[in-house]
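All remarks here apply to the structure that follows.
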Amino acid sequence: MSPNPPKKQYARKDFSSDQEVRWCPGCGDYAILAAVQRTLPSLGATPENTVFISGIGCSSRFPYYMNTYGFHTIHGRAPAVATGLKLANPDLDVWVITGDGDGLSIGGNHLLHVLRRNVNLQIMLFNNQIYGLTKGQYSPTSQVGKVSPSSPLGSVDQPVVPTRFALGAGATFVARSYDISKRLPEALSAARTHDGAAFIEILQNCPVFNDGVFDLITGRKTGPAHQLWLAHGQPMRFGTDGEKGLRMSPDSLTLEIVTVGENGITEDDIVVHDETNHSLAWMLTDLPGVVALGVLYREPGPVYDESVGKQRALAEERFGAPDLEALLRQGHTWTVT
Amino acid sequence: METSAASRAQPSPRETLDSVVIRFAGDSGDGMQLTGSQFTTATADAGNDLATFPDFPAEIRAPAGTTYGVSGFQIHLAAHDIRTPGDAPDVLVAMNPAALKVNTKVLKPGGLLVVNTGAFGKNNLAKAGYDVNPLEDGSLDRFRVLALDITKLTLQSVKGIGLGSKEANRCKNMWTLGLMYWLFGRERQSTIEWLHRKFAKRPLLAQANIAALNAGHIYGENAELPHGIGAYRVPAAKLEPGEYRNVSGNQATAWGLVTGARLANLEIMYGSYPITPASNLLHDLSRLKHYGVTTFQAEDEIAAVAAAIGASFGGSLGVTGTSGPGVALKSEAIGLAISTELPLIVVDVQRGGPSTGLPTKTEQSDLFQAVLGRNGDAPLVVLAAATPGDCFYMAVEAVRVAVKYMTPVMLLTDGYLANGAEPWKIPDLESFTPFPVSFRNDPEGFHPFIRDKETLARPWATPGTPGLEHRIGGLEKQEGVGHISYDPDNHHMMTKIRAAKIDRVAKDFPTASVDQGDARGDMLVVGWGSTYGAISQSVRTLREQGRKVSHLHLRNIWPLPEGLGELLRSFGSVLVPELNNGQLVKLLRSEYLVDAESLTKIAGQPFRISELVEAVQERLNRSLQ
């Protein structure tokens, strides 16, 4: 064997397991799976160092289809399992796969804490605004009025905005994309490069229980008028011909949609995206009439697993090599003869 | 107090006692736990055998002077081998009326009562519910009362040091300790050194506390004590030669886990959420980072166990510690570890239940939860420590079994073991056989659920290993290859295999044997966990009376040890004393079809030796009629 064997070039098939994919025909999850399997080799990932950890729900079957290490855990707890795994082996590339029910309902607590601790991993939250695996009940991201088996007169719950939850929890990376987007790999790549917890909301169509709920945003014709693709340092423009943009309203200090060239609005009035601006990111989470896509917020902070490792190194430096004999004798001892 | 004949033959200025039980009681803010632990150290130095029992309220600082704010610390010291903190105290130190009120009913008639009259003002008497001052109405005549204004004597002793009145007043526990040291012939030196260390940054406080300690001692030397109250000596006990220390159950558990992980050549990831009485495990382990320990204070009980499972998946030893309510929350995740067959240790420091129950009081009511408390057929290994020092050995055993069989192990201790201390002969670490884990790294023929023929354990293959990429989860797996399987026959088989794997662990345990007595007789007393000392002592007493009684103590709760059924059937009757409403007894009856009888106590307090002796006598006499 040569001292430096050439790095193996992995391809999509190296990341695909031999298991038959069992999502419903037309499910958005297929597109997300394909994007991940395509993207990972291009990012230098290796199957042996990559781990997918999921909770429960349709999306959480994801690990079975990846030829990497995988752990299909219990409902809502994937972030906690992933945190423990990163503490045991911080060198692993860990991806948490969750959904709107798994991550924001039963597992909301763990999502909060994995984000605020800033554990170095990626979290993909598939948001289809419905409970799929239990056959169609409304979820914590369903819109008010959603008619479902458990809300025959329409849901009266106020929905949670996933990206807003993440920002509120102290996430250092928040992005949004959608299942069939050609730009999903960009978001995956940016998330993987980020040091710390990277949160990506992926709008995902459930063709069986919530078909078309994102059509306005993801549709070929309607999309351009409803998608605002963010780029750091660039003015926030969108629309079929890029004629629209976001302006900071001087009256309400909120973002408003304007048309460049109308009512005296010029390019200079359009807000330039700054990924490190938390207040701006907050406003971008929930805009009226348009959905911000791409990286909403990115501002690195102390990484949990690194800090834990540093403390252990510090303890080793300060207290020296472990000595069990000494440990059992610390404090007061006496000898009986 | 047991007075030995030898001491009467040789008159000495101090009366010799074979054993004595002392209880310090006061307000939660009076420093009774510190006083008790200092007295413990001095007693260990004097070479006595000892056992302690701290008994404190759930409130951190309950309203001063109330009965529910009373904090107690009991110590049993002897010139011979003892196994419990003692039944009724021979000596009670009551720092206020509430402490007296709570404890008078347990003090032995003729016992010595040391009372701080300085705290017996109108207000405190009312708060304790006394209409009349009990020091004046003759209600304490059955005791030998030493009534002193400890508050005033303390203030005098620290006068001129320059403390505020509040701080000066707080030295009265040290004054009392000084007096007790004199009464029982203990050395002050270890406490003086401890005070210097404790108040290294506040030398005035050190000076004052030491002055109070010395003043209490001098008071004993000089004062004319009332008739019938003198000074005592408790000679050193004949302990097995060796190096000793005092150890509490939680401390021993933490050290046992670290030792076990070292023997397995693993690092520990301890996930925990603070809960009484298990929090000290988290505190102790968080100070041992340089021993290959990572601690994770999780957002909740579920995250704590889930992180431990994630760490085990990654090749560390995942451990979580909690008490009963925490185990309830962790149940689903423990099932995941059973289904994925990963090593995991769950330490359950039991407390009174159900629900929040009695957080600071001891109980053994999680046995069913440990053995049976999960959805589905979900067997795991359950171990139970018998004494504070035994927690060390059982923690090592928990690690050994978890990694050898790739299974969760639940280690049951309880509040009494966790907080109680006993002299502990420091184990010879060389005597433990290492059991280093070998992770799977050969891709040839690898499948995640191909089993070792002897142990039925599956291979431990960790992320990062090339060629062993695989997926595990809580869905049923196809035997061998581990893919998701809904096949009915496969599920039947996998359930049987999971059970068989745990059953096989019994072959790895010592076969059932009696701890004390013969292998047949009139009655077998079967205990488990922290009742060891009380049962052992009471069976010894009964055997001295000529009763054909034996004691068997289970440390392997599940699977039960081999040969247990035959032993149970070798006795005329079987009695199972437990600090619950009858749990082990039901397990024994269902497993072995024996007519075992239950003896229950669910009072948040350990068994007294006398109540066990009486219960056995009563049953044996009944069977003779």
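Residue numbers (the working numbering), protein chains in the order written: chain A, 1 to 337; chain B, 1001 to 1625.
Positions of the beta carbon are idealized from the N, C-alpha and C atoms, including for glycine.
Would you tell me roughly how many angstroms separate the C-alpha atoms of Glu1544 (chain B) and Ala1512 (chain B), rounded to the nearest one?
Here residue 1544 (chain B) refers to the residue found at position 544 when the second sequence is read from its first residue. Here residue 1512 (chain B) refers to the residue found at position 512 when the second sequence is read from its first residue. Spanning the two alpha carbons is a distance of roughly 24 Å.
Enumerate in chain order the residues of its own chain whose CB-to-CB distance from Glu1267 (chain B) is below 8 Å, with the five nearest sequence positions on each side excluded.
Here residue 1267 (chain B) refers to the residue found at position 267 when the second sequence is read from its first residue. Ala1261, Gly1292, Val1293, Thr1294, Ser1316, Leu1317.
In chain order, what residues of the same chain have a beta carbon less than 7 Å from the beta carbon of Asp305 (chain A), not counting five sequence neighbours either side?
Numbered from 1 along the first sequence, position 305 holds the residue referred to as residue 305 (chain A). So the list reads Lys86, Leu87, Pro90, Val119, Asn120, once near-sequence residues are dropped.
How far does the alpha helix (DSSP H) with Glu1301 (chain B) in it reach, from first residue to last?
Position 301 of the second sequence holds residue 1301 (chain B). From DSSP, the alpha helix (DSSP H) with Glu1301 (chain B) extends over 1301-1313.
Roughly how many angstroms separate the alpha carbons of Met214 (chain A) and Leu293 (chain A), rounded to a whole number?
As a first step, residue 214 (chain A) must be located in the first sequence, where it is residue number 214. As a first step, residue 293 (chain A) must be located in the first sequence, where it is residue number 293. Position check: residue 214 (chain A) holds Phe in this sequence, whereas Met was assumed. Going by the C-alpha atoms only, they are around 13 Å apart.
Buried or exposed by the 16-neighbour rule on C-beta atoms within 10 Å, applied to Asp286 (chain A):
Here residue 286 (chain A) corresponds to residue number 286 of the first sequence, with the count starting at 1. It counts as exposed.
If you drop the 5 nearest sequence neighbours on each side, which residues of the same chain put their C-beta closer than 7 Å to that of Thr1151 (chain B)?
Numbered from its first residue, the second sequence carries residue 1151 (chain B) at position 151. Hits under 7 Å: Asn1116, Gly1118, Ala1119, Asn1169, Lys1172.
Could you check which residue in B:Leu1612, B:Gly1026, B:Ala1252 has the C-alpha nearest to that of His1283 (chain B)?
Reading the second sequence from its first residue, position 283 is the one you call residue 1283 (chain B). Checking every option, the nearest Cα to that of His1283 (chain B) belongs to B:Ala1252.
Alpha helix (DSSP H) segment containing Gly65 (chain A), residue limits
Numbered from its first residue, the first sequence carries residue 65 (chain A) at position 65. The sequence shown places Tyr at residue 65 (chain A), not Gly. Looking at the DSSP string, Tyr65 (chain A) is not in any alpha helix (DSSP H), and its letter there is neither H nor E.
Residues in the region 1239-1272 of chain B having any Cβ partner in chain A nearer than 8 Å
Leu1239, Glu1240, Pro1241, Gly1242, Glu1243, Tyr1244, Arg1245, Asn1246, Trp1255, Val1258, Thr1259, Arg1262, Glu1267, Met1269, Gly1271
In chain order, which continuous runs of the alpha helix (DSSP H) of length 4 or greater are located wholly inside the region 1487-1559 of chain B?
1488-1505, 1532-1544
Can you pull the chain B residues whose beta carbon is under 7 Å from the beta carbon of Trp347 (chain A), in chain order?
It is not possible to answer for residue 347 (chain A), since the shown part of chain A is limited to 1 through 337.
Please report the residue range of the alpha helix (DSSP H) in which Met1174 (chain B) lies.
Taking the second sequence and counting its residues from 1, one reaches residue 1174 (chain B) at position 174. Here the alpha helix (DSSP H) through Met1174 (chain B) covers 1172-1183.
Against Tyr1291 (chain B), what residues of chain A qualify as contacts under a CB-to-CB distance less than 8 Å, listed in chain order?
To locate residue 1291 (chain B), count along the second sequence from 1; it is residue 291. In chain order: Pro322, Leu324, Leu327.
Any Cβ of chain B within less than 8 Å of the Cβ of Phe71 (chain A)?
The sequence position of residue 71 (chain A) within the first sequence is 71, counting from 1. Chain B, which has a Cβ nearer than 8 Å to the Cβ of Phe71 (chain A), makes this yes.
List the DSSP bridge partners of Val94 (chain A).
Mapped onto the first sequence, residue 94 (chain A) falls at position 94. DSSP lists A:Val51 as partners of Val94 (chain A).
Would you say Leu1034 (chain B) faces chain A, with C-beta separation under 8 Å as the test?
Taking the second sequence and counting its residues from 1, the one referred to as residue 1034 (chain B) is at position 34. Leu1034 (chain B) does not count as touching chain A.
Best match in B:Gly1047, B:Thr1104, B:Thr1084 for proximity to Ile1630 (chain B) [C-alpha to C-alpha]
Outside the displayed span of chain B (1001 to 1625) sits residue 1630 (chain B), for which this structure offers no information.
Is the CB of Ala169 (chain A) under 8 Å away from at least one CB in chain B?
What you label residue 169 (chain A) is simply residue 169 of the first sequence in a count that begins at 1. Output row for Ala169 (chain A): interface = no.
Output the boundary residues of the beta strand (DSSP E) element that contains Asn127 (chain A).
Reading the first sequence from its first residue, position 127 is the one you call residue 127 (chain A). Here the beta strand (DSSP E) through Asn127 (chain A) covers 122-127.
Measuring straight from C-alpha to C-alpha, what distance separates Thr98 (chain A) and Ala1395 (chain B)?
What you label residue 98 (chain A) is simply residue 98 of the first sequence in a count that begins at 1. What you label residue 1395 (chain B) is simply residue 395 of the second sequence in a count that begins at 1. Cα to Cα, Thr98 (chain A) sits roughly 36 Å from Ala1395 (chain B).
Compare the beta carbon distance of Thr1360 (chain B) and Pro1057 (chain B) with 8 Å and say whether it is the shorter of the two.
In the second sequence, residue 1360 (chain B) corresponds to position 360, counting from 1. In the second sequence, residue 1057 (chain B) corresponds to position 57, counting from 1. Yes, the Cβ-Cβ distance between Thr1360 (chain B) and Pro1057 (chain B) is below 8 Å.
Answer yes or no: does any C-beta atom of chain B fall closer than 8 Å to that of Ile74 (chain A)?
The sequence position of residue 74 (chain A) within the first sequence is 74, counting from 1. Answer yes: the Cβ-Cβ gap between Ile74 (chain A) and chain B drops below 8 Å somewhere.
Secondary structure of Phe165 (chain A), DSSP reduced to three states
Taking the first sequence and counting its residues from 1, the one referred to as residue 165 (chain A) is at position 165. In the structure shown, Phe165 (chain A) sits in a helix (DSSP, three-state: H, G or I).
So if I threshold CB-CB distances at 9 Å, which residues from the region 218-234 of chain A count as touching chain B?
For the region 218-234 of chain A, no residue has a beta-carbon sitting nearer than 9 Å to a beta-carbon of chain B.
Examine chain B for any beta-carbon lying closer than 8 Å to the beta-carbon of Thr337 (chain A), and answer yes or no.
Here residue 337 (chain A) corresponds to residue number 337 of the first sequence, with the count starting at 1. Answer yes: the Cβ-Cβ gap between Thr337 (chain A) and chain B drops below 8 Å somewhere.
Could you give the DSSP three-state label for Pro185 (chain A): helix, strand or coil?
Counting from one through the first sequence, the residue named residue 185 (chain A) turns up at place 185. In the displayed model, Pro185 (chain A) falls within a helix according to three-state DSSP.
Give, in chain order, every residue of the region 1387-1398 of chain B whose Cβ lies closer than 9 Å to some Cβ of chain A.
Phe1392
Environment of Ser1438 (chain B) [buried if 16+ CB atoms lie within 10 Å]
Your numbering for residue 1438 (chain B) matches position 438 in the second sequence. Burial call: exposed.
Could you say which of A:Tyr297, A:Gly145, A:Gly309 lies nearest to Ser155 (chain A) if we only look at CA atoms?
Translated into the one-based positions of the first sequence, residue 155 (chain A) becomes position 155. Nearest to Ser155 (chain A) by alpha-carbon distance, out of A:Tyr297, A:Gly145, A:Gly309, is A:Gly145.
Checking 8 Å against the spacing of the C-beta atoms, do Asn1096 (chain B) and Asp1049 (chain B) come in under that value?
Residue numbering aside, residue 1096 (chain B) sits at position 96 when the second sequence is read from its first letter. Residue numbering aside, residue 1049 (chain B) sits at position 49 when the second sequence is read from its first letter. No, these two residues do not count as a Cβ contact at 8 Å.
C-alpha distance - Leu1257 (chain B) paired with Arg1458 (chain B), whole-angstrom precision
Stepping through the second sequence from its first residue, residue 1257 (chain B) is reached at position 257. Stepping through the second sequence from its first residue, residue 1458 (chain B) is reached at position 458. Approximately 23 Å, taken between the alpha carbons.
Closer than 9 Å between beta carbons: that is the criterion. Which residues of the region 1355-1374 of chain B meet it against chain A?
none
Under 8 Å, with one C-beta from each stretch per pair, do the region 232-242 of chain A and the region 162-170 of chain A reach the 3-pair mark?
no
Residue nearest to Met66 (chain A) in terms of C-alpha spacing, selected from A:Thr335, A:Ile53, A:Cys206
One-based indexing of the first sequence puts residue 66 (chain A) at position 66. The residue with the shortest Cα to Cα distance from Met66 (chain A) is A:Ile53.
Measure from the alpha carbon of Glu201 (chain A) to the alpha carbon of each residue in A:Thr193, A:Ala187, A:His194, then state which is nearest.
Stepping through the first sequence from its first residue, residue 201 (chain A) is reached at position 201. Of the candidates A:Thr193, A:Ala187, A:His194, the one whose C-alpha sits nearest the C-alpha of Glu201 (chain A) is A:Ala187.
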